[in-house]
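Residue numbers (the numbering used here), protein chains in the order written: chain E, 6 to 171; chain F, 6 to 171.
This report concerns only the one structure given below.
2 protein chains.
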Amino acid sequence: MIMMPVSAVLEDESPAQPDAPVDLGPLSGLLGYALRRAQLAVFQDFHRHFAEAGIRPAQFSVLVVLRHNPGLRATQVAAALGIKRTNFVPLFDGLAARGLAERRQVKGDRRASALFLTPAGIGMVARLEQLAARHEAKFAARLGAEGRYQLMGLLHRLTEAAFDPG
Amino acid sequence: MIMMPVSAVLEDESPAQPDAPVDLGPLSGLLGYALRRAQLAVFQDFHRHFAEAGIRPAQFSVLVVLRHNPGLRATQVAAALGIKRTNFVPLFDGLAARGLAERRQVKGDRRASALFLTPAGIGMVARLEQLAARHEAKFAARLGAEGRYQLMGLLHRLTEAAFDPG
DNA sequence: TATTGTTATACTCTATAACTATA
DNA sequence: TATAGTTATAGAGTATAACAATA
């Protein structure tokens, strides 16, 4: 027996009932849709943890890369993170304006500059990596160590496929 | 023994070598980073498949929901897809301007309108769902049926966790 | 000629506040 | 008072084109 909420409002178009659950159709079986929703969920949690530090995901990724690769050039950082050089400029400018990072002259190539964290930037990364660890632990707890390991492996397989358009 | 590429360019800052691979540090272990890269990879493939139809992911999701739930109101569609009502307006306007969807009066509530696809919109969705099936099959082939099933399950667990901020 | 960094620009997505016309 | 839809606006993210300085 099918029970449905009664609505006296809508008539001859047989439209959806106001309180009926929405049928996502083929959307619910699409990897891209599930990935987008999961990524938004994780990034919302990221934002909750990092809002106090005033750092967004893209900024975090730049800070971490410069922490582990001091002296990289803009083009290299951008390429490693999948950011276009042209968009990297204002992103880095924001970090530089806050005194977290800086450009230094490169001897032998006056076009380029080498990018470094300032001492303040290094301190900031140390703090952020602690926040990141707690943020990550929350999801690891939800998936279990094995589930998290499986997920990382599956995601890497998808990412690698991106550069091999079959 | 540690081997590293020689660079005569940079000196007393011991900066990274120009051609050395970039160390992503803790980024490579973060679920959020892996999710973002995987989602971008899948959406790039989506774009390759759907560019000829001139449909972006958000538009596709609205069309599919209206195909399977004719007569929904804007608020319901937006909520189901995680879009703010205010941002749904121009998104739907774009579909309406192309003759793919339309607003109809609701008898009994003159504030609201019921949303429907036009015949052209229904035809478009039929075509898009075929494109989506091929797009999806590409990634299913890369993961295997079992890997894809596991991935969907893990992603759902992350998404559900979003509404339970622990 | 090619590369590095940059400016200008535009479009999408996302977010908040505030308005209107209804209910 | 509350709700449905809308407008205006602003901030991020992402995209292309074009330029100057340098290699």
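Every residue, glycine too, gets a C-beta built ideally from N, C-alpha and C.
With 16 other Cβ atoms within 10 Å as the buried cut-off, status of residue i
{"i": "residue 163 of chain E", "result": "buried"}
{"i": "residue 140 of chain F", "result": "buried"}
{"i": "residue 33 of chain E", "result": "exposed"}
{"i": "residue 149 of chain E", "result": "exposed"}
{"i": "residue 74 of chain F", "result": "buried"}
{"i": "residue 156 of chain E", "result": "buried"}
{"i": "residue 130 of chain F", "result": "buried"}
{"i": "residue 151 of chain F", "result": "exposed"}
{"i": "residue 154 of chain E", "result": "exposed"}
{"i": "residue 37 of chain F", "result": "buried"}
{"i": "residue 72 of chain E", "result": "buried"}
{"i": "residue 47 of chain F", "result": "buried"}
{"i": "residue 128 of chain E", "result": "exposed"}
{"i": "residue 94 of chain F", "result": "exposed"}
Unbroken alpha helix (DSSP H) run spanning residue i, endpoints
{"i": "residue 40 of chain E", "result": "36 to 55"}
{"i": "residue 106 of chain F", "result": "Here residue 106 of chain F belongs to no alpha helix (DSSP H); instead the beta strand (DSSP E) covers 106 to 110."}
{"i": "residue 66 of chain F", "result": "62 to 73"}
{"i": "residue 102 of chain F", "result": "90 to 102"}
Member of the options whose CA lies at the smallest distance from the CA of residue i
{"i": "residue 133 of chain E", "options": "F/120, F/35 and F/25", "result": "F/35"}
{"i": "residue 26 of chain F", "options": "E/86, E/58, E/28 and E/37", "result": "E/86"}
{"i": "residue 158 of chain F", "options": "E/42, E/90 and E/92", "result": "E/42"}
{"i": "residue 114 of chain E", "options": "E/78, E/146 and E/106", "result": "E/78"}
{"i": "residue 112 of chain E", "options": "E/30, E/51, E/58 and E/76", "result": "E/76"}
{"i": "residue 28 of chain E", "options": "F/38, F/50, F/84 and F/124", "result": "F/84"}
{"i": "residue 92 of chain F", "options": "F/80, F/52 and F/102", "result": "F/80"}
{"i": "residue 99 of chain F", "options": "F/165, F/47, F/60 and F/147", "result": "F/60"}
{"i": "residue 147 of chain E", "options": "F/147, F/146 and F/165", "result": "F/165"}
Terminal residues of the beta strand (DSSP E) in which residue i lies
{"i": "residue 84 of chain E", "result": "Run containing residue 84 of chain E: none in the beta strand (DSSP E); it sits in the alpha helix (DSSP H), 79 to 86."}
{"i": "residue 29 of chain E", "result": "Run containing residue 29 of chain E: none; DSSP gives neither H nor E here."}
{"i": "residue 118 of chain F", "result": "118 to 122"}
CB-CB length for residue i against residue j, believed under 8 angstroms
{"i": "residue 40 of chain F", "j": "residue 44 of chain E", "result": "4 angstroms"}
{"i": "residue 105 of chain E", "j": "residue 68 of chain E", "result": "7 angstroms"}
{"i": "residue 31 of chain E", "j": "residue 117 of chain F", "result": "Not really, about 27 angstroms apart at Cβ, beyond 8 angstroms."}
{"i": "residue 122 of chain E", "j": "residue 82 of chain E", "result": "That pair is no contact at about 12 angstroms."}
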